[in-house]
Structures are given as C-alpha cells and as structure tokens.
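Numbering (the UniProt record's numbering), first residue to last: 1 to 165.
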C-alpha cells in the first residue's frame, strides 16, 4: 500500500477523522468514503473486482490507516513528553508531514495503567462471583440431599424429584 497516497485520500474525507464533521457519525458516509479511497488506491481494476475482493481491499486500507494513525500518535506523544529527547533529535518520522493534518485530532493524554488493572480485577471478580452463583444453583442437582432433611409423605425426598422444565 502506498502510504502517502492513502493519507492524501483520507485527508480529503473529513468524516473519517474530524469529530466536528457533519458526517463523522454517519456510517453510510464513512463506508462511501472508504470505497472512494480504495477505488483510487486500486485504480481501474476497482470496478472489475467482486464484492469480496473490494471488502478485502477496504479492510486492508483501513487497517493500514489505523496502524499509521497509531504510530503517528506515538510519535507525537514522544515529542510532547520529551521535546529535547533523542526522538526529537533524530530525523523526523518519514510520514509526519503527510499526517500533520491529524495533529489537532489526536490526543496525546496518558491514561493510568492502574485504572485498567483495577477495572480488570473488578471484572474478574464479577465473573468469579457469577460462576460461584451458577455453581451454587447446580449444587442442588449434583449432590443428594442431606440426611437431616425431612422426607415427603411418600417417603421420597422432594429435592430428589426431577424438576419439570
């Protein structure tokens, strides 16, 4: 994939990167934008392609753009974090200029890893708790009743009867 051509095409479709764009939340507009981009990327053969082939090309272009955007965000974050660091002294990232139109749309704020861990732990405890509750309800069906439970009038234990579902 020609990254520079891809970025030039994405830049022409604000609905793909600008949340202030009228069509940013319009799924149809976004799908049409990617179709337009891919038709330029592929060239004349786009019209001859099957729907599956077109979907594969769109998927590949979207994945490449996502990867480039992530790399650019990392590049900006490093520059912002340490403007005097080795990354700032090194040669500029080769696509930095081509991606500069995204600079106002990429946030370089950090998030706390501890928040993620806490949330994962909470989610895990909820899953464990739910499993425990499910296991507890299944316990009644797996084990026979204890001897201290009274039998019914016909001599059988009511918990031993099969439940009608």
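Positions of the beta carbon are idealized from the N, C-alpha and C atoms, including for glycine.
- Query: So, do the region 18-32 and the region 60-67 have three or more beta carbon pairs nearer to each other than 8 angstroms?
  - Reply: With a cut-off of 8 angstroms, the region 60-67 and the region 18-32 do not count as touching, because too few Cβ pairs lie within range.
- Cβ pair count under 8 angstroms reaching 3, the region 32-41 against the region 54-64: Output reads yes: the region 54-64 touches the region 32-41.
- On the three-state DSSP scale, how would you describe residue 8? One-based indexing of the chain shown puts residue 8 at position 8. In the structure shown, residue 8 sits in a helix (DSSP, three-state: H, G or I).
- Message: Going by beta-carbon coordinates alone, are residue 76 and residue 47 separated by less than 8 angstroms?
- Response: Residue 76 sits at position 76 when you count from the first residue of the chain shown. Residue 47 sits at position 47 when you count from the first residue of the chain shown. Against a cut-off of 8 angstroms, the Cβ pair of residue 47 and residue 76 comes out as no contact.
- Message: Looking at the secondary structure, which residues open and close the alpha helix (DSSP H) in which residue 41 lies?
- Response: Here the question's residue 41 lines up with position 41 in the chain shown. Boundaries of the alpha helix (DSSP H) around residue 41: 27-42.
- Would residue 47 count as contacting chain D if we go by Cβ distances under 8 angstroms? No chain D appears in the structure shown, which is made up of a single protein chain.
- Message: If you measure between the beta carbons of residue 7 and residue 99, is that distance less than 8 angstroms?
- Response: Taking the chain shown and counting its residues from 1, one reaches residue 7 at position 7. Taking the chain shown and counting its residues from 1, one reaches residue 99 at position 99. Cβ distance < 8 angstroms, so residue 7 and residue 99 count as in contact.
- Item | Boundaries (first-last residue) of the alpha helix (DSSP H) holding residue 61 | Within the chain shown, residue 61 is the residue found at index 61, counting from 1. Unbroken alpha helix (DSSP H) run through residue 61: 51-81.
- Message: On the CB-based measure, 16 or more other CB atoms within 10 Å of its CB, does residue 12 come out buried or exposed?
- Response: Position 12 of the chain shown, counted from the first residue, corresponds to residue 12. Exposed is the call here.
- Query: Would you call residue 72 buried or exposed, if buried means 16 or more other Cβ atoms sit within 10 Å of its Cβ?
  - Reply: Translated into the one-based positions of the chain shown, residue 72 becomes position 72. Buried is the call here.
- Message: Residues in the same chain with beta-carbon distance under 7 angstroms from residue 24, minus the five sequence neighbours each way, listed in chain order, please.
- Response: Within the chain shown, the letter at position 24 stands for residue 24. Only residues of its own chain outside the window of five on either side were considered, and among them 15, 18 have a CB closer than 7 angstroms to the CB of residue 24, listed in chain order.
- Message: For residue 4, count the other beta carbons within 10 Å of its own beta carbon; 16 or more makes it buried, fewer makes it exposed. Which is it?
- Response: Counting from 1 along the chain shown, the entry for residue 4 is found at position 4. Under this definition residue 4 is an exposed residue.
- Work out the CA separation of residue 61 and residue 94 for me, nearest whole Å. Position 94 of the chain shown, counting from 1, holds the residue named residue 94. Position 61 of the chain shown, counting from 1, holds the residue named residue 61. Straight-line Cα distance between these residues: approximately 19 angstroms.
- Message: Between which residues of its own chain and residue 2 is the CB-CB distance below 8 angstroms, once the five residues before and five after are set aside?
- Response: As a position in the chain shown, residue 2 is number 2, starting the count at 1. Excluding positions up to five away in sequence, the list reads 41.
- Message: Just verifying my parser: in three-state terms, what is the DSSP assignment at residue 104?
- Response: Walking along the chain shown from the start, residue 104 turns up at place 104. Of the three classes helix, strand and coil, the one that applies to residue 104 here is helix, per DSSP.
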